[in-house]
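Data first, discussion second: the structure below is written as structure tokens.
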Amino acid sequence: MESLSTETIDVGQAQSIDDVMQKVAEHKGCGTSGGSGKASCGSGAGENDLPQEIWDKVKNHPCYSEEAHHHYARMHVAVAPACNIQCNYCNRKYDCANESRPGVVSEKLTPEQASKKVLAVASTIPQMTVLGIAGPGDPLANPEKTFKTFELISQTAPDIKLCLSTNGLALPEHVDTIAKYNVDHVTITINMVDPDIGAQIYPWIFWNRKRIFGREAAEILTQHQMRGLEMLTERGILCKVNSVMIPGINDKHLVEVNKAVKSRGAFLHNIMPLISSPEHGTVFGLNGQRGPTAQELKALQDSCEGEMNMMRHCRQCRADAVGLLGEDRSAEFTTDKIMAMEVTYDLESRQAYQAQVEIERQKVAAAKNAELNTLAGEGNEDIKILIAVATKGSGRVNEHFGHAKEFQIYELSTKGAKFIGHRRVDLYCQGGYGEEDSLETIIRAINDCTAVFVAKIGGCPKNDLLKAGIDPVDEFAFEFIEQSAITYFKRYLDKVNSGEMEHKERGDATIRQGAYITA
Amino acid sequence: MTYKIVASQCTSCSACEAECPNVAISEKNGTFVINPKKCTECIGYFDVPQCVAVCPVDDTCVIDTSLPRYQAAGGAA
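Chains A and B, in that order, are what the protein sequence lines are. Per the numbering used here, residue 60 is the first one in the first sequence, and the count goes up by one each step. Per the numbering used here, residue 12 is the first one in the second sequence, and the count goes up by one each step.
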């Protein structure tokens, strides 16, 4: 009931917001244009693909810009433990520090501890530009703690962007507070717009002092999600929508979700694979509900891409993650360590560091564009291959094969190199499930790739990769990823054209479901 | 009598603390506890005990023993 009252509040700074929203609206068409030779605007968008106002908002945000995620870091603070809905893919009870998935956290923080932690991390990791509150419950089911944290951080570290991630149930009643604290990015997890499907994902919600079950619960949830999304876009707050792809339940339906959120002004859609293993203790983990394969996920993302921007670089991180996406440095910043730290917030040195990051980033873009020009007029438009890249960030091939915890996947075609996702390859945690051979795990995870780019690789894994039909490539060590990839693709095309080898489809790959080792 | 929280099942999510109309719930040694002197089983406030309705782990907020609501309903509330 109380949620209805917020709609009467009028939007103050209408002019500038209208401006931005106009740009958002104009921008939405760009995904469908295709064939321009640019990477699809999506989250992979660069400066030239987006209106300036939107680019300014997302360009240093690793969760909103694929390009930024190679260079900038984020952190989550776990100040919001309570939740107001129950999801079949979530079980908050299980906390293994070596595990990475949403809803899981090692220690809760008070807003004051969180604020200190942000300052400590910002001083240690100058490219940390974004603070998010993502749980481990729902930030808006803990509004006092969430907004107190934002208030403290905006006072001491005004350059850090604030964002939050919510299931949307309590969103309409909090939209104006979100606007008041200058939260400029909000993520809503929307898995359905059909309550019959929702009833298979959400057993119950807590609403109006009651537990509400099944279809009725899903109906209320979807109404609040849609209205919350509309209210945020009206206020010029950029919205990303996360969806969990659950094969057999909402996989086909997510195309409808994509249309519904696009029409309400969502900026970016992030379709993530269900993480589901019996050891997680979730309903889906225990009832054997499987997650999608890599190619199933990619096909769904591709089919939605014509409709709107798709995000493919999400790492489904923990509610207390720290660092670049794909790395987790949270163990360096436990409460004990933070409280013992002497922290001075040095805005100037942070800005100087970030200026260096910008220079590096422009080099990456320039190298890519120069190389892309050499692809013009190659023919063979139908040929697409995937490559896996071992990287520590900065857009370079700079990780040893044996040290890689994940590989970034690029799709190469005559249109260039397009980032399409990542594959986790780390082992199950100690005492966990199965002593798998790590190399076999890696090969299964990148089985759909033609080549793997690494800074260095030993003789044994090299031979095993070749046997599996994956080309191990170390000649681009420390070079820019996209430039190197295009060079490789040109050679590949030459070999196909000269008849030296035949182009073949590589088949599917496995998405890793187990615990994440970060050490 | 009152409700109590089964400590071994409590995830310390704190959801119940904010919902309790009697401010009877607080954190103690990492989990949450209900002050039996303050708990009214929500009788007179809500149709259902709020801690039971919001708790993410079933059978974690449970009745202590023979209390008015329990007797009236003839079973668990």
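Glycine included, every Cβ here is placed at the ideal spot set by N, Cα and C.
Test: Phe326 of chain A CB closer than 8 Å to a CB of chain B: no
When A:Ala429, A:Ala353, A:His562, A:Val513 are compared against His462 of chain A, the one with the closest alpha-carbon: A:Val513
As assigned by DSSP and simplified to three states, the class of Lys176 of chain A: helix
Pairwise C-alpha distance: Lys269 of chain A and Lys464 of chain A: 44 Å
Cβ distance (whole Å) where Asp255 of chain A is taken to contact Lys220 of chain A below 8 Å: Going by Cβ atoms, the distance from Asp255 of chain A to Lys220 of chain A rounds to 38 Å, so no, they are not a contact pair.
Any C-beta of chain B under 8 Å from that of Pro140 of chain A: yes
Segment limits, alpha helix (DSSP H) that includes Val456 of chain A: Segment: none, Val456 of chain A is in no alpha helix (DSSP H) and carries neither H nor E.
C-alpha distance - Asn439 of chain A paired with Ala414 of chain A, whole-angstrom precision: 40 Å
Residues of the segment 185-201 of chain A whose Cβ lies closer than 9 Å to any Cβ of chain B, in chain order: Pro195, Gly196, Ala200, Asn201
Local conformation of Lys464 of chain A per DSSP, three classes: coil
Contacts of Ser23 of chain B in chain A (Cβ-Cβ under 9 Å): Pro140, Lys167
For Asn522 of chain A, three-class secondary structure by DSSP: Helix, per DSSP.
Phe343 of chain A - DSSP class collapsed to helix/strand/coil: helix
Beta-carbon neighbours of Val2 of chain B, restricted to chain A and to distances below 8 Å: Examination of residue 2 of chain B is not possible in this model, given that chain B is present from 12 through 88 alone.
Contact under 8 Å by Cβ, Asp310 of chain A with Leu280 of chain A: no
Simplified DSSP assignment, three categories, for Thr569 of chain A: coil
Residue-chain proximity (Pro67 of chain B, chain A), Cβ-Cβ < 8 Å: The Cβ of Pro67 of chain B sits closer than 8 Å to at least one Cβ of chain A.
Minimum Cβ-Cβ distance from Phe43 of chain B to chain A less than 8 Å: Answer no: the Cβ-Cβ gap between Phe43 of chain B and chain A never drops below 8 Å.
Chain A within 8 Å of Ala26 of chain B, Cβ atoms only: Yes, Ala26 of chain B counts as interfacial toward chain A.
Distance CB(Lys175 of chain A)-CB(Ile397 of chain A) smaller than 8 Å: yes
N- and C-terminal bounds of the beta strand (DSSP E) containing Thr246 of chain A: 244-248
Met540 of chain A: first and last residue of the uninterrupted alpha helix (DSSP H) it sits in: What sits at residue 540 of chain A in the sequence shown is Ile, not Met. Note, Ile540 of chain A: alpha helix (DSSP H), 540-556.
Contacts that Arg268 of chain A makes with chain B (C-beta to C-beta distance below 7 Å): Phe57, Gln61
Short Cβ contact (8 Å threshold) for Ile330 of chain A with Met367 of chain A: Their beta carbons are not under 8 Å apart, which means Ile330 of chain A does not touch Met367 of chain A by this criterion.
CB contact check: Ala29 of chain B to chain A, cutoff 8 Å: At least one chain A Cβ lies under 8 Å of Ala29 of chain B.
Euclidean distance between Cα positions of Arg274 of chain A and Leu228 of chain A: Distance between Arg274 of chain A and Leu228 of chain A, taken at the CA atoms: about 15 Å.
8 Å Cβ cutoff met for Val17 of chain B and Val73 of chain B: Here Val17 of chain B is near Val73 of chain B, since their CB atoms are less than 8 Å apart.
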